[in-house]
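Chains as they are written, first to last, in my numbering: chain A, 248 to 466; chain B, 248 to 466.
Working notes for the structure below.
2 protein chains.
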Amino acid sequence: MVEAKQISKAVIKRLPRYYRYLGELLEENVERISSNDLSRKMHVTASQIRQDLNNFGGFGQQGYGYNVKYLYTEIGKILGLDTVHPMIIVGAGNLGQALANYSDFEKRGFKLAGIFDVNPVLEGISVRGIEIRMISELPEFLKNNHIEIAILTLPKNKAGEMADILIRNGIKAIWNFAHIDLDTPGDVIVENVHLSESLMRLSYNLSQYQREQDEKNNA
Amino acid sequence: MVEAKQISKAVIKRLPRYYRYLGELLEENVERISSNDLSRKMHVTASQIRQDLNNFGGFGQQGYGYNVKYLYTEIGKILGLDTVHPMIIVGAGNLGQALANYSDFEKRGFKLAGIFDVNPVLEGISVRGIEIRMISELPEFLKNNHIEIAILTLPKNKAGEMADILIRNGIKAIWNFAHIDLDTPGDVIVENVHLSESLMRLSYNLSQYQREQDEKNNA
Chain A
248 MVEAKQISKA
258 VIKRLPRYYR
268 YLGELLEENV
278 ERISSNDLSR
288 KMHVTASQIR
298 QDLNNFGGFG
308 QQGYGYNVKY
318 LYTEIGKILG
328 LDTVHPMIIV
338 GAGNLGQALA
348 NYSDFEKRGF
358 KLAGIFDVNP
368 VLEGISVRGI
378 EIRMISELPE
388 FLKNNHIEIA
398 ILTLPKNKAG
408 EMADILIRNG
418 IKAIWNFAHI
428 DLDTPGDVIV
438 ENVHLSESLM
448 RLSYNLSQYQ
458 REQDEKNNA
Chain B
248 MVEAKQISKA
258 VIKRLPRYYR
268 YLGELLEENV
278 ERISSNDLSR
288 KMHVTASQIR
298 QDLNNFGGFG
308 QQGYGYNVKY
318 LYTEIGKILG
328 LDTVHPMIIV
338 GAGNLGQALA
348 NYSDFEKRGF
358 KLAGIFDVNP
368 VLEGISVRGI
378 EIRMISELPE
388 FLKNNHIEIA
398 ILTLPKNKAG
408 EMADILIRNG
418 IKAIWNFAHI
428 DLDTPGDVIV
438 ENVHLSESLM
448 RLSYNLSQYQ
458 REQDEKNNA
């Protein structure tokens with residue numbers, strides 16, 4: 248396997264998008280693609296693509312193109328998608344249930360092993376065949392099951408405390424949807440999805456566009 | 248109001264986080280805060296904070312600190328949160344309903360005016376008092392209602408076509424949750440939330456951490 252260490256952070260950030268496009272090409276039974284064709288598809292310059300993908304070696308001669316399956320597989324390995332990552336969801340509200348029902352995650356090795364909530368009304372309800380359990384069962388569950396990732400979809404006033412409980416019980420990676428910056432030890436990986444901040448960026452761009460239109464009309 | 252134009256993109260990207268922290272301080276009735284105290288809270292250097300917030304003028308004398316409410320209000324204006332943004336959700340599945348139920352958006356001016364889906368089973372079901380309508384009613388609805396933002400939570404095989412319909416009917420901003428890059432005209436603002444890519448970044452970091460641990464153990 249290609250050494251992941253040599254690859255820059257900027258490239259790593261772009262990898263999921265390459266992985267997605269290469270997966271679509273595979274589904275269309277495309278075996279090879281040139282950097283120019285991929286460039287047109289992805290709206291990235293061909294030279295950027297050549298630079299990025301050269302990290303993975305999977306390039307043929309000039310005019311011959313990339314081996315789609317090889318690149319897809321290598322990038323998948325770098326992204327850790329060649330192994331199963333067992334995960335739990337903590338917070339079985341609308342968002343937690345939406346994520347539980349997202350079967351695409353499982354296809355990529357993210358295997359949902361449990362769903363937890365504090366609300367007794369939800370106890371025992373099944374989501375995609377998995378019964379919602381009470382948070383009180385969480386420490387015992389984590390002792391008996393190897394879980395890598397916890398998806399945290401609790402409201403922000405409960406998320407910090409829950410992150411502490413998860414980490415005390417051995418969780419090393421948190422996918423955080425709570426609108427709060429978690430205070431975690433250095434060896435715990437946190438990936439945040441702050442939906443409100445995304446919506447604010449949209450709103451900023453919209454307002455900025457409207458300001459520019461107003462200026463044009465007043466000019 | 249402060250001119251938004253002078254402010255760099257990097258600062259703009261950080262604004263929602265400042266806005267969140269300043270909002271929390273307001274809730275705690277904090278009137279003034281020094282860059283050092285805010286630095287400790289946000290885990291950003293005090294000099295970065297001074298540089299960023301100087302864009303908004305709201306700084307007192309040395310040792311006097313920032314006026315929390317003034318900064319909060321100014322940043323809110325820059326982000327376009329001082330006006331109401333009517334929006335619709337297209338795709339009333341789990342994720343669409345989760346977003347519809349997220350009442351925090353409304354507090355910041357993002358007002359949900361309609362929910363649409365293609366599935367007749369969902370027709371007439373109410374989410375937070377708003378009845379789910381069929382997509383066929385969408386063009387007429389957009390003619391009769393001023394809508395700024397469409398939240399797109401359809402599966403990726405339907406999202407592209409739906410984006411075209413939305414744009415043809417005057418939508419200028421799309422908050423896209425479909426796992427696809429939308430092909431839109433230059434004057435349409437798209438903000439993507441690609442959840443799978445976020446999960447892959449988490450998985451990459453987790454795998455990288457495990458590789459490093461393995462190397463340590465083998466050394």
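Ideal Cβ placement from N, Cα and C applies to all residues, glycine included.
For Phe357 (chain A), return the contacting residues in chain B, with the cut-off set at a CB-CB distance below 8 Å.
Leu446, Ser450
If you follow the beta strand (DSSP E) that Ile396 (chain B) is in, where does it begin and where does it stop?
396-399
Quick one, are the C-beta atoms of Asp364 (chain A) and Val331 (chain A) less than 9 Å apart?
no
With a threshold of 6 Å on Cβ separation, who are the neighbours of Met289 (chain A) within its own chain once the five nearest residues in sequence on each side are excluded?
Tyr268
Starting from Pro263 (chain A), find everything on chain B with Cβ-Cβ shorter than 9 Å and list it in chain order.
His441, Ser443, Glu444, Ser445, Leu446, Met447, Arg448, Tyr451
Can you list, in chain order, the residues of its chain with a C-beta nearer than 7 Å to that of Lys252 (chain A)? Leave out the 5 residues immediately preceding and following it.
In this prediction, Lys252 (chain A) has a pLDDT of 49, which is less than 50 and means its spatial position is unreliable; nothing more can be read from the coordinates.
Given a cut-off of 9 Å on the beta-carbon distance, is the pair Ile335 (chain A) and Leu359 (chain A) in contact?
yes
Buried or exposed for Lys390 (chain B), going by 16 or more other Cβ atoms inside 10 Å?
exposed
Unbroken alpha helix (DSSP H) run spanning Leu273 (chain A), endpoints
256-274
Among A:Glu275, A:Ile394, A:Ile377, A:Ala293, nearest to Gly356 (chain A) - alpha-carbon criterion:
A:Ile394
Selection of the segment 333-353 of chain B by Cβ proximity to chain A, strictly under 7 Å
Asn341, Leu342, Gln344, Ala345, Asn348, Asp351, Phe352
Just by C-beta distance, which residues in the segment 393-407 of chain B are closer than 8 Å to chain A?
Glu395, Ile396
Short CB-CB distance (under 9 Å) between Leu272 (chain B) and chain A:
no
Whose C-beta lies closer than 7 Å to the C-beta of Leu262 (chain A) among residues of the same chain, with five residues either side of it excluded?
Ile322, Ile325, Leu326
For the alpha helix (DSSP H) containing Asn465 (chain A), list its first residue and its last residue.
442-465
Contact check, Ser445 (chain A) vs Glu438 (chain B) under 8 Å by CB: the rounded distance?
6 Å
Thinking just about the alpha-carbon of each residue, which of B:Ala397, B:Ile259, B:Leu449 is nearest to the one in Phe303 (chain B)?
B:Ile259
Less than 9 Å between the beta carbons of Leu369 (chain A) and Ala339 (chain A), yes or no?
yes
Just list the residues that DSSP pairs Gly361 (chain A) with in beta bridges.
A:Ile335
From Thr292 (chain A) to Glu278 (chain A), what distance separates their C-alpha atoms?
21 Å
Just grab the DSSP bridge partners of Val437 (chain B) for me.
B:Ile421
Is the beta carbon of Leu453 (chain A) sitting closer than 9 Å to the one on Ile398 (chain B)?
no
Sub-9 Å separation of Ala406 (chain A) and Ile379 (chain A) beta-carbons
no
Counting C-beta neighbours from all protein chains within 10 Å, is the total for Glu250 (chain B) 16 or more, i.e. buried, or is it exposed?
Note that Glu250 (chain B) scores 49 on pLDDT, short of 50, meaning its location in the model is unreliable and no value can be drawn from it.
Contact set between the segment 425-437 of chain A and chain B, restricted to residues whose Cβ is under 8 Å from the partner:
His426, Asp428, Asp434, Ile436
If you reduce the DSSP assignment to three classes, tell me which class Val291 (chain A) lands in.
coil
Under DSSP, the alpha helix (DSSP H) around Ile377 (chain B) begins and ends at which residues?
Unbroken run through Ile377 (chain B) is the beta strand (DSSP E), 377-381; no alpha helix (DSSP H).
With H, G and I counted as helix, E and B as strand and the rest as coil, what does DSSP make of Arg297 (chain B)?
helix
For Glu459 (chain B), tell me which candidate among A:Asn465, A:Asp434, A:Ile296 has the shortest Cα-Cα distance.
A:Asp434
Verify whether the separation of the beta carbon atoms of Ser282 (chain B) and Arg297 (chain B) is less than 9 Å.
yes
Using a Cβ-Cβ cut-off of less than 8 Å, list which residues of the segment 313-333 of chain A approach chain B; keep chain order.
Ile325, Leu326, Gly327, Leu328, Thr330, His332
Excluding five sequence neighbours on each side, which residues of the same chain lie with their C-beta closer than 6 Å to the C-beta of Leu385 (chain A)?
Phe363
On a CA-only basis, which of B:Ile418, B:Gly343, B:Lys419 is nearest Asn366 (chain B)? Give me that one, please.
B:Gly343
Listed by chain order, chain A residues near Ala420 (chain B) by CB distance under 9 Å
Leu449, Ser450, Asn452, Leu453, Tyr456
Three-state secondary structure assigned by DSSP to Val374 (chain B):
strand
Keeping to the same chain, check which residues put their C-beta closer than 6 Å to that of Leu285 (chain B); ignore five residues upstream and five downstream.
Ile296
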